[in-house]
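Reviewing the structure listed below.
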Amino acid sequence: MWIIFGVIAIVTTFINLYMYKAGKDYKLAMAIGLSFTALTLCSEYSLVSGWVKAEDWSALGDVVPGMERALWFLTIVSILLNIAPILLELKGKE
């Protein structure tokens with residue numbers, strides 16, 4: 001499920017940027033992109049929780065360290081890309 005949420009987050013982030021570039025209202029796409037980023041993180045947490053409940057320590061040991069770095073990086077990039085239009089609008093008003 002996290003893959004689906006992640007793909008939707010990526011697609012809506014690019015829609016957000018496209019709509020800003022086209023001069024259209026981008027705020028709904030921004031909210032959807034950030035929301036699906038949050039759902040991706042929750043879905044990942046549920047996956048890890050399932051591994052803990054099943055006591056699948058090898059899965060945790062193999063996947064979680066790399067997944068942590070990837071999730072931090074991708075979440076930061078998602079936030080920055082989704083708020084970029086707002087920051088550009090504020091810069092343009094100065």
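Sequential numbering from 1 applies to the sequence shown in full-length UniProt numbering. Glycine included, C-beta positions come from ideal geometry on N, C-alpha and C.
| Item | Value |
| --- | --- |
| Tryptophan 72 beta carbon less than 8 Å from that of leucine 60 | no |
| Simplified DSSP assignment, three categories, for alanine 22 | coil |
| Cα-Cα separation between valine 77 and alanine 54, rounded to whole angstroms | 32 Å |
| Aspartate 62 (DSSP reduced to helix, strand or coil) | helix |
| Closest Cα partner of residue 99 within the set Leu90, Trp57, Ile83, Leu47 | Here the chain has residues from 1 to 94 only, and residue 99 is not among them. |
| Whole-angstrom C-beta distance between alanine 29 and isoleucine 15, which should lie under 8 Å | 5 Å |
| Sub-8 Å separation of threonine 13 and leucine 81 beta-carbons | yes |
| Opening and closing residue of the alpha helix (DSSP H) in which methionine 1 lies | First-last for methionine 1: undefined, no H or E at that position. |
| Residue from Gly66, Phe36, Lys27, Ile86 with nearest C-alpha to isoleucine 3 | Phe36 |
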